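**Q** For the sequence shown, my numbering assigns the number 301 to the last residue and increments by one with no breaks. Pasting in a structure now, in structure tokens, and then I'll have a few things to ask.
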Amino acid sequence: MDKKFRYYILLFVAIATITFGLSFIFNLIGRTFEFSTFWRFFMMVVASLLSALLITYIVFITTPILKEYLNTMRSLLRLDTFSHPILLKLQQNAPSSFHHSIMVANLGHRAAKAIGADALLVRIGGYYHDIGKTKDPMAFIENQTATEQEENIKKPIQLAKKIKSHVDEGISLAREYHLPQEVIDMIIQSHGTSQVSFIYKHLQQKGEKISKQDLAYKGPKPQTKEAGILMLADNVESRIRSIKELTEPQIIQIVDHIIQEKNTDRQLELSGITRGEMQKIKNAFIEGVKIIHHQRISYPK
Ligand SMILES: [Fe+2]
Ligand SMILES: [Fe+2]
Numbered sequence: 001m002d003k004k005f006r007y008y009i010l011l012f013v014a015i016a017t018i019t020f021g022l023s024f025i026f027n028l029i030g031r032t033f034e035f036s037t038f039w040r041f042f043m044m045v046v047a048s049l050l051s052a053l054l055i056t057y058i059v060f061i062t063t064p065i066l067k068e069y070l071n072t073m074r075s076l077l078r079l080d081t082f083s084h085p086i087l088l089k090l091q092q093n094a095p096s097s098f099h100h101s102i103m104v105a106n107l108g109h110r111a112a113k114a115i116g117a118d119a120l121l122v123r124i125g126g127y128y129h130d131i132g133k134t135k136d137p138m139a140f141i142e143n144q145t146a147t148e149q150e151e152n153i154k155k156p157i158q159l160a161k162k163i164k165s166h167v168d169e170g171i172s173l174a175r176e177y178h179l180p181q182e183v184i185d186m187i188i189q190s191h192g193t194s195q196v197s198f199i200y201k202h203l204q205q206k207g208e209k210i211s212k213q214d215l216a217y218k219g220p221k222p223q224t225k226e227a228g229i230l231m232l233a234d235n236v237e238s239r240i241r242s243i244k245e246l247t248e249p250q251i252i253q254i255v256d257h258i259i260q261e262k263n264t265d266r267q268l269e270l271s272g273i274t275r276g277e278m279q280k281i282k283n284a285f286i287e288g289v290k291i292i293h294h295q296r297i298s299y300p301k
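In structure tokens, the structure reads:
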């Protein structure tokens, strides 16, 4: 449910409770004692004043919360455009990362809507989560040719360092461009404390050992449902992108696998996403991938 709507419902319930409570109390007093017309009128005035006072107090203490929410929403809406200078830079320097970010935003938005989370924040988080890749775009697999990938993986530790630095680069760029803290948090938490997976798998296949710390992002793990969804959407999109011919069972298997992988790695333990919500997120991702990639989906043989 939208935060603003939730606030209005809470305000409505609070006002209704105060009005009901006061009229109940004064009604009870009126029925218990015999009052003259003057005193009855006086009590009605006191009840109205008291309820007005309490309602004003509630509005007074909750307005800053609503104001802050509206300010955040306004600044998020301002970022909801591809002509933001940092997105133009991403588009120019790392076109594949830019395309990946749009897909992540679409998938995340769909999943957030499915569980009633803040879909706008997830979409903006999706657009901006990889802005740090503008610094060294060629370190990232989506911007490399097969030969470049082979060359880069020869120095796994340096490559991991470069890849991991896109989060810090993203944070400093976000600060430079005055992005709101909510978006910066999405950038920070988008990889949690997970490993740079393709290097990890590459080394595992080769039987080489590397310390987990060399491959792990600094974190923290996603602290909100929105950040959790962003992490999953980011991984689903990257994995889907690497497959040339997609079938529906493959999409289901990939989404399933990523959710399972992140759960086993306990990356989502602080996000507050429940089991039921995870099922809805999964369905939203599957539908989203099918819609985005419908030309690429072939029937299973
Ligand atoms: Fe990233
Ligand atoms: Fe990403």
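Ideal placement from N, C-alpha and C gives every residue a C-beta, glycine not left out. No experiment lies behind these values; they were computed from the predicted model shown.
In its own chain, which residues sit with a C-beta less than 7 Å from the C-beta of residue 229, not counting the 5 before and 5 after it?
**A** If we look at residue 229 and ignore the five residues flanking it on each side, its Cβ neighbours are 108, 111, 112, 117, 122, 281.
**Q** Am I right that residue 225 and residue 267 are in contact with their C-beta atoms under 8 Å? What's the rounded C-beta distance?
**A** Their Cβ separation, rounded to whole angstroms, is 13 Å, which puts residue 225 and residue 267 out of contact at 8 Å.
**Q** Give me, in chain order, the residues of the same chain whose beta-carbon lies closer than 6 Å to that of residue 104; leave out the 5 immediate sequence neighbours on both sides.
**A** The residues are 126, 233, 234, 237.
**Q** What would DSSP say about residue 260, mapped onto helix, strand or coil?
**A** Correct three-state label for residue 260: helix.
**Q** Determine the burial state of residue 52: buried for a count of at least 16 other Cβ atoms within 10 Å of its Cβ, exposed for fewer.
**A** Label assigned to residue 52: exposed.
**Q** Exposed or buried, which one is residue 201 when buried takes at least 16 other CB atoms within 10 Å?
**A** The residue is exposed, with fewer than 16 neighbouring Cβ atoms inside 10 Å.
**Q** Cutting at 7 Å between CB atoms, please list the residues of its own chain near residue 14, excluding the five before and the five after it.
**A** These residues qualify, in order along the chain: 58.
**Q** Mind checking whether residue 162 and residue 139 have CB atoms under 8 Å apart?
**A** Going by C-beta atoms, residue 162 is nearer than 8 Å to residue 139.
**Q** For residue 246, which of helix, strand or coil comes out of DSSP?
**A** DSSP places residue 246 in strand when its eight states are reduced to three.
**Q** Compute the distance between the beta-carbons of residue 170 and residue 207, then report whether it is under 8 Å.
**A** Their beta carbons are not under 8 Å apart, which means residue 170 does not touch residue 207 by this criterion.
**Q** Are residue 182 and residue 72 touching if we call contact CB-CB under 8 Å?
**A** Yes, the pair counts as a contact, with Cβ atoms nearer than the cut-off.
**Q** I'd like the list of long-range same chain contacts for residue 144, defined as Cβ closer than 8 Å, with 5 residues on each side in sequence excluded.
**A** Excluding sequence neighbours, residue 144 sits near 138, 152.
**Q** Is residue 146 closer than 8 Å to residue 199 when the C-beta atoms are compared?
**A** In this structure, residue 146 does not lie closer than 8 Å to residue 199 by Cβ.
**Q** Tell me the DSSP secondary structure of residue 267 in three-state form.
**A** Reduced to three states, the DSSP call for residue 267 is coil.
**Q** Does the beta-carbon of residue 277 have 16 or more other beta-carbons within 10 angstroms, so that it is buried, or is it exposed?
**A** Residue 277 comes out buried.
**Q** I think residue 148 touches residue 97, with their Cβ atoms under 8 Å apart; what is that distance to the nearest whole Å?
**A** Not quite, the Cβ-Cβ distance comes to about 15 Å (not below 8 Å), so this is no contact.
**Q** If you measure between the beta carbons of residue 101 and residue 130, is that distance less than 8 Å?
**A** Yes, the pair counts as a contact, with Cβ atoms nearer than the cut-off.
**Q** Buried or exposed for residue 195, please, with buried defined as at least 16 other CB atoms from any protein chain shown within 10 angstroms of its CB.
**A** Residue 195 is buried by the Cβ-count criterion.
**Q** Using C-beta distances below 7 Å, list every residue in its chain close to residue 286, excluding the 5 sequence neighbours before and after it, in chain order.
**A** 251, 252, 255.
**Q** Would you mind listing the alpha helix (DSSP H) stretches within the segment 94–131 that are 4+ residues and don't spill past its ends, in chain order?
**A** Taking only runs of at least 4 residues, the alpha helix (DSSP H) segments lying wholly in the segment 94–131 are 95–115, 119–128.
**Q** Using 8 Å for Cβ pairs, my map puts residue 174 next to residue 128. What's the rounded Cβ distance?
**A** With 8 Å as the limit, residue 174 and residue 128 qualify as a contact, their Cβ atoms being about 7 Å apart.
**Q** Can you find a heavy atom of ligand 1 that lies under 7 Å from the Cβ of residue 75?
**A** No - ligand 1 has no heavy atom lying nearer than 7 Å to the Cβ of residue 75.
**Q** Bridge partners of residue 216, per DSSP?
**A** Partner(s): 195.
**Q** Among 217, 262, 289, 5, which residue has its Cα nearest to the Cα of residue 241?
**A** Minimum Cα distance to residue 241 is reached at 289.
**Q** Could you tell me whether any non-hydrogen atom of ligand 2 is closer than 7 Å to the CB of residue 236?
**A** Answer for residue 236: no, Cβ out of range of ligand 2.
**Q** At which residue ranges does the segment 131–206 contain complete alpha helix (DSSP H) runs of 4 or more residues, listed in the order of the chain?
**A** As far as the segment 131–206 is concerned, its whole alpha helix (DSSP H) runs of at least 4 residues are 146–152, 156–176, 181–189, 197–206.
**Q** Give the single residue among 40, 20, 19 whose Cα lies nearest to the Cα of residue 29.
**A** Answer by Cα proximity: 40.
**Q** Using 7 Å as the cut-off, classify the Cβ of residue 104 as near or not near the heavy atoms of ligand 2, replying yes or no.
**A** Indeed, a heavy atom of ligand 2 lies less than 7 Å from the Cβ.
**Q** For a test of the three-state rule: what should DSSP assign to residue 224, helix, strand or coil?
**A** Note: residue 224 maps to coil in three-state DSSP.
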